[in-house]
Each structure stands twice: as C-alpha cells, then as structure tokens.
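The opening position of the first sequence corresponds to residue 1 in the UniProt record's numbering, with each subsequent residue numbered one higher.
Note that CB positions come from ideal geometry on N, CA and C, so glycine has one too.
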Amino acid sequence: MNKTLEEQRRQLPAYAVRQNILNCIQTSSTLILIGETGSGKSTQIPQFILESGMLNKGMVGITQPRRVAAITLSKRVSQEKMRQLGDVVGYAVRFENCTSENTKIKYMTEGILLREALNDRFLKKYQYIILDEAHERTVNTDVLFGIVKSIQKERSMFRMQELKIIIMSATMDVDHFSKYFNNCTVLYMPGRMHQVQVMHSKHRQDDYMFATLVTLFEIHRTAPLHHDVLVFLTGKDEIESMTSQIRNITRSHDLAGQPPLRAWPLHSALPAQRQLEAFQRSGENYRRVVVATNIAETSITLPGIKYVIDTGVVKTRKFDPITGLDSLKVTKISQAQAWQRTGRAGRESDGICYRTYTANEYDLFEKMTKPEILRCNLSSTILQLLALGINIETFDFMDKPPRDSIEVAFKQLKQLGAIKSVQNPQLTETGHRMSKFPIDPIYSKIIISSPKFECVNDILDLVAILSTENVYCEPNQNNRDQATAQHSKFQTRYGDHLTLLNIFTEYKKHNKSKQWCTEHFLNQKSLQYAFEVRQQLAEICDNVNVSSQADSPHHNVDQIRKCLITGLFNNVAELQQRDNHYIVMANRQRAMIHPSSVLSGYHANLNGFSSSSNGNGIISNMGNKLKDAHNQKANYVLFSEIVHTTQVYLRTATRIEPEWIQEVVPDCGYASRINNNQL
DNA sequence: GAGCACTGC
C-alpha cells in the first residue's frame with residue numbers, strides 16, 4: 001500500500017526534475033514554477049524541500065485559493081509521508097486549524113496567511129512560502145504577491161532568516177510575473193498527463209445552446225457508452241433549460257440502439273446532496289452529461305469525463321467604481337480559461353474538447369482572465385492593507401487597481417469612520433477594531449455600532465447569515481408551492497434582513513436539526529456555516545470590547561434596523577410614486593427591488609406568525625393597525641447589494657423609516673433631502 | 001419575475 005504511494009510519487013512529472021528544482025530553490029530567493037494539472041507540483045515540491053534538509057528553521061507554508069484544495073492536498077501529502085494529518089503535514093482554513101508543533105508543511109487558504117500577517121509582521125514562522133494556483137489571480141493572491149515580496153526584502157534588510165518564495169502556476173503571463181519578481185528564475189515542468197484533442201466549430205454559431213445540443217447528440221450517437229460529457233454554460237437558468245431540453249429530446253426521438261442519456265445540473269445554488277449526484281455515477285447503462293457553470297472549471301473535479309463542450313462564455317461580476325454598481329454579465333472567457341476547460345476532458349485518460357466557437361474567435365479572446373483586483377470593490381482589501389501598516393500609494397501591486405477604485409474605497413472607509421481622512425488614510429480606533437473582523441467593513445462597522453442600539457446578539461446573527469449564500473433550497477418543479485409555503489412562515493413585512501434573522505433564530509431553536517431544514521426547504525450546509533461564522537464573530541467581539549451586556553431582552557426591530565443604517569447608509573433608496581421604481585439616495589441610481597425579495601410585491605402571501613414581535617420568538621408581521629399602511633410598497637428601503645443583471649436590482653432589502661436617517665447618520669449628505677420631502 | 005465563483009487565525 002505505502003509502496004504503491006511511493007511508486008506513484010516517483011511517476012509524477014515533478015519527480016523527474018526534482019534535483020533541478022532543488023538546485024534552483026537553493027540558488028534563488030524567488031522561483032516561478034510552471035506546471036500543468038497532474039504534474040504533482042502542489043504535493044511534491046513541499047516534500048522535496050523537507051526531504052532535502054533545506055528546511056532548518058520554520059515551516060513551508062503553501063497557499064490555495066480554495067478551502068477544499070488546502071484540505072485534500074494536506075491529506076494526500078500526510079498519507080505519502082505516512083504520518084497522521086496535523087503532525088508533520090497539516091492545514092489551516094477558516095474555523096479549522098489542523099496543525100501542531102511538529103508541523104513542517106502547512107497547507108492553507110490565502111486568507112489565512114493574510115490574517116497571519118496581521119499578527120506577525122514578518123511571517124517569521126515560515127522559511128518558505130509557496131503561492132499555488134497563482135494564475136488564478138484572486139484578490140488575495142495579488143495582495144500576497146506584494147506582501148511576501150516586501151517581507152522578503154525587509155527580512156534581508158534586518159538580517160533575519162531569508163524568506164524563500166515560490167510562485168506556482170499553470171499557464172501564465174511569464175514575462176509579467178518574472179519582471180515583477182525582479183526577473184527571477186522560471187522553471188517549466190513537463191506537461192499534462194493525458195492528451196486532449198481540441199475541435200473548433202467551423203462556422204460562427206449564433207446560438208451556443210443549440211450548437212451544444214447538436215454537438216452533444218453527435219457525441220452520443222458515436223461515442224462508446226461510458227464516455228461521459230461535461231458542458232459549460234453560464235448560469236442556473238441556462239442549465240435548467242439545457243437539462244430539460246436534453247430530457248425532452250431523448251424522450252421524444254427514437255434513439256433506438258443507443259444507451260439512455262442522463263443529464264445532471266451542477267451549480268453552486270444546488271444543495272450539497274444534489275451536487276454529489278452530478279459527481280457520482282449511479283448506474284452502468286447510460287451516458288452521463290453534466291451541465292455546469294464554471295464551478296466545474298476549478299472547484300469541482302468530475303471523474304470519468306471524456307468529452308468537454310465549451311461554449312466560450314461565463315458570467316462575471318464587475319464593479320464599477322463610478323456608479324458603485326456591481327454588474328453580473330455574460331462575457332467571453334479568456335484563452336487561459338478555455339484551456340482550463342479543455343483540461344477537464346483529460347483528467348483520467350485522453351479526451352476531446354469541442355468548442356462551439358471558431359479558431360478565429362478563440363484568437364480574439366483575451367489571453368489571460370483579468371485579475372480580480374482590477375474589477376472589484378476594494379474597501380475590504382484596503383482596510384486590511386492599512387491594518388498591516390501598508391501605504392497604498394506606494395504598495396507594489398503586480399497590477400495596480402484603477403485610481404477610481406482606490407479613491408472610492410478610501411471615501412467609503414472615511415464615511416464608515418475607519419480612517420482619519422481620505423488625504424491621510426490612517427486607521428482610527430474604530431478602523432483598527434473593524435479590521436479584526438473577517439468581513440466587509442460595512443458589516444464590521446454595524447457590529448461595532450450594535451452595543452449602542454442594544455442589539456449585539458441579533459446583529460451577530462444577522463451578519464453571520466448574510467455572509468452565506470443560498471439559504472433557501474432550490475425546490476423541484478413539483479414541490480415549488482410547498483417550498484414557498486414553508487419559506488413564507490419566516491417572512492415579515494419589515495423585509496429580508498429580519499426574515500433571514502427569523503430563519504437563523506428558528507434554526508438554532510430547533511437544535512440545528514437537519515430534518516427541520518429539509519422540511520422547511522432550507523440549506524443546512526449554509527445555516528451551519530452561518531452558525532460557525534456567528535461563533536467566530538462573537539469571539540472577535542470579546543477581543544475588541546463589543547459587549548452584549550446592554551442588549552434588549554427582546555428583538556427590537558426598530559433598533560436592529562437603525563443599527564443596520566450605521567453601515568449601509570449609502571444603500572438607502574426612495575420609492576418614486578410616479579413609476580414604482582426606487583432611486584438610491586446617495587447617487588440617484590434608478591433600481592427595482594429584486595423579485596426574490598419579500599418587499600418585491602411578488603410575495604403577497606405573507607403569513608407570518610399570528611402575534612406581533614413576541615419576545616425572543618419569531619419576528620412576525622406588524623399589528624393590524626399598521627398592517628394596511630405596510631401592505632403598500634415601502635417608501636424607503638435599505639439594501640445589502642445592488643446588482644445590474646437584466647435590470648438594476650436591489651437585493652436583500654428592508655423597510656426603514658425616513659426620519660431614522662437624520663437620527664443615525666445626520667452627516668450622510670442626503671438626510672436633509674429626505675426631511676424636506678416628507679409629509 | 002429571478003444570482004458566476006471563491007475567501008476570512
């Protein structure tokens with residue numbers, strides 16, 4: 001058993017260049033290592049360092065963009081070393097630290113290393129830091145680039161132990177990377193394990209859904225039984241439409257002599273159980289086709305895939321600093337992404353990738369995916385950098401974010417009271433406390449304000465549940481009404497925030513029961529995650545003196561909503577009676593309330609519980625006296641998110657009273673405008 | 001009438 005593990009190790013491409021790699025690591029302080037999936041770089045390089053005796057003090061730290069990867073890699077490597085997980089080889093991710101004094105190789109998420117840097121300015125624990133999957137260019141990867149580079153320099157300046165940096169990546173813009181790391185050595189490792197043949201469409205396709213269907217049934221007609229197919233589409237709607245079309249075609253056409261074709265959807269909104277169904281083959285005599293979003297590009301690896309159909313599109317989120325608007329739009333993938341998708345056909349054996357776009361179109365794709373740091377809201381990242389004592393103006397970004405993004409982030413941090421001024425972005429006392437929370441500054445501000453509103457516990461519940469997505473379970477077609485009925489039990493006319501708070505409160509009251517979740521069509525995994533976030537936030541509260549001692553013994557819905565305004569004051573919108581649209585007060589942006597919101601008007605059937613706010617129980621609808629007034633659309637709402645999809649939508653919205661703005665944030669810039677318009 | 005994917009000692 002162990003012998004085979006060792007044999008497997010020796011067969012990896014990384015093993016063949018072992019000595020070469022070690023020589024390079026020894027002679028250079030920074031090394032870029034390029035190797036494709038299957039080369040064994042993530043599991044082998046840390047072991048090579050350990051076995052070579054080059055590790056004399058400290059650890060090898062190796063970062064991953066995703067939790068699951070950090071955990072599975074450390075499991076694999078501890079097996080290969082024949083040691084218990086958490087001994088010589090361990091991992092650390094949010095909520096879980098599986099390391100010990102003996103740990104020499106530590107796998108972790110990028111976020112963990114960033115948080116560690118906050119408490120250990122020079123990351124003294126580490127002699128080697130390996131940043132893996134660097135080509136993905138997540139915000140955290142980019143921030144870590146700058147941080148480890150500067151720590152390396154400082155450690156050498158102060159004559160501390162040298163920090164060795166290894167950047168590992170699949171394909172990437174080598175020149176750009178090497179230049180940034182002072183023209184360091186670049187080492188290429190032998191290619192992937194299996195061949196994938198790429199077939200481009202001969203002609204331009206107007207309808208990639210149709211092209212996908214044609215390609216799929218051609219594969220189905222000709223390929224051997226167990227050759228499964230993976231299709232990349234952009235979102236839930238497309239995936240549902242595709243799987244139902246596949247079912248209809250297989251049902252209505254005579255596919256005599258062919259094995260059945262079964263389609264499985266795969267996207268993040270599905271509960272864990274249904275994601276597993278797509279992963280596992282449940283029988284022998286059919287062909288499986290998995291229709292997925294880009295979740296199957298990196299996060300989930302499906303076994304048995306021989307064919308990939310790549311539509312060349314993806315849904316991406318982009319932040320516009322001028323309008324403050326997030327947009328979620330279908331865009332063309334990059335060439336690097338196309339190859340990532342192609343590789344999914346060659347995980348276990350040779351495969352084929354069909355691209356429903358022409359070779360010409362491919363040539364016009366961007367070479368690399370734009371780094372996330374260039375297209376996201378930076379307030380959280382900048383608060384963290386400031387807490388590290390970093391000057392943003394001089395920070396050595398590999399790709400510097402746009403001026404507007406940085407300015408908008410400073411402005412927001414100033415408004416939240418986290419920095420002294422935009423010109424002098426020094427952290428205030430509040431800013432220091434805010435930076436301790438691993439959440440968006442808007443919400444850390446709300447938590448810090450909560451003792452004043454005597455609702456610390458409710459706010460912690462609320463922030464915890466807001467940090468998870470997909471609280472509601474996707475019902476099937478046949479139990480949609482049932483799910484709606486169950487969900488409506490939690491709804492209140494106050495809006496979505498207090499509805500979510502109800503769900504979380506009830507979840508805890510029912511001892512986090514799995515069965516209770518199933519009965520109420522709620523996602524147990526998400527609620528459990530929220531529970532753990534809640535615990536973590538409460539611990540941090542203790543450390544930064546946010547005390548719940550003064551908390552009101554009952555839910556005080558007005559105080560909770562006022563407290564939310566202390567962070568979300570820029571997210572307040574006013575109803576335009578004229579056309580039933582909302583206008584965001586801070587920037588005059590026109591928007592609609594998202595149809596999924598309790599306040600959208602599509603949820604007329606708000607049952608609630610019978611009495612009004614009853615002790616620590618569920619927050620129900622308002623008393624009958626007020627009820628009629630509140631059946632109308634809310635005149636003022638506060639929202640968590642504004643996203644441009646098919647329209648500009650406010651998501652997760654709560655009804656507020658206009659006079660609260662003057663009371664809570666008199667300096668917000670639009671308070672007077674509200675008062676003048678009132679009554 | 002409708003949400004890509006990640007992450008945080």
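Annotation for residue 343: 37 place their beta carbon closer than 6 Å to its own, counting only its chain and skipping 5 residues before and after.
DSSP places residue 576 in the uninterrupted beta strand (DSSP E) bounded by 572 to 576.
Restricted to the region 249 to 321, the beta strand (DSSP E) segments that are unbroken, complete and at least 3 residues in length are 261 to 266, 287 to 292, 305 to 310 and 313 to 320, listed in chain order. Here the alpha carbon of residue 495 sits roughly 15 Å from the alpha carbon of residue 459.
Excluding five sequence positions before and after residue 426, the CB atoms of its chain that fall closer than 7 Å to its own CB belong to 419 and 420, given in chain order. Rounded to the nearest whole angstrom, the C-alpha separation of residue 239 and residue 319 is 25 Å.
Looking only at 99, 100, 142 and 417, the smallest Cα-Cα distance to residue 114 is reached by 142.
Approximately 6 Å separates the beta-carbon atoms of residue 376 and residue 139; this is inside 8 Å, confirming the contact.
Shown here, residue 462 sits in a helix according to DSSP, grouped into three states.
Contact check for residue 591 and residue 650: beta-carbon distance about 5 Å, within the 8 Å limit, so the pair qualifies. Within the DSSP secondary-structure output, residue 197 pairs in a beta bridge with 352. For residue 322, the closest C-alpha among the options 309, 406 and 120 is that of 406.
With fewer than 16 other Cβ atoms inside 10 Å of its own Cβ, residue 330 counts as exposed. Three or more beta-carbon pairs separated by less than 8 Å are not found between the region 264 to 281 and the region 359 to 371, which leaves the two stretches without contact. DSSP places residue 395 outside both helix and strand once states are collapsed to three, so it counts as coil. Distance from the CA of residue 306 to the CA of residue 350, rounded to the nearest whole angstrom, comes to 7 Å. Within a 10 Å sphere around the beta-carbon of residue 394 sit fewer than 16 other beta-carbons, which makes this residue exposed.
The beta-bridge partner set that DSSP reports for residue 59 consists of 126. Contact between the region 9 to 19 and the region 87 to 102 is absent: fewer than three C-beta pairs spanning the two stretches fall below 8 Å. By the CB criterion at 8 Å, residue 216 and residue 302 fall outside the cutoff. Of all C-beta pairs linking the region 460 to 473 to the region 530 to 546, three or more are shorter than 8 Å, placing the two stretches in contact.
The beta carbons of residue 134 and residue 82 sit no closer together than 8 Å. The C-beta distance from residue 155 to residue 163 rounds to 5 Å, short enough to meet the 8 Å contact threshold.
Comparing alpha carbon positions, the residue from 315, 259, 228 and 557 closest to residue 289 is 228. Per DSSP, the continuous alpha helix (DSSP H) segment holding residue 110 begins and ends at 110 to 119.
Under the Cβ criterion (8 Å, minimum of three pairs), the region 119 to 130 counts as touching the region 51 to 71. CA-to-CA, the gap between residue 414 and residue 384 works out to about 14 Å. Per DSSP, reduced to three states, the secondary structure at residue 581 is strand. Under the DSSP assignment, residue 68 falls outside any beta strand (DSSP E), being part of the alpha helix (DSSP H) whose first and last residues are 67 to 80.
In the structure shown, the three-state DSSP call for residue 64 is strand. With fewer than 16 neighbouring CB atoms inside 10 Å of its own CB, residue 188 falls in the exposed class. DSSP places residue 670 outside any alpha helix (DSSP H), giving it a letter other than H or E.
A Cβ-Cβ contact shorter than 8 Å links residue 529 with residue 468. In this structure, residue 665 and residue 565 form a Cβ contact; the two beta carbons are roughly 6 Å apart against a cut-off of 8 Å. Residue 561 carries a helical assignment under DSSP once its states are collapsed to helix, strand and coil.
Residue 644 is not a Cβ neighbour of residue 378, given a cutoff of 8 Å.
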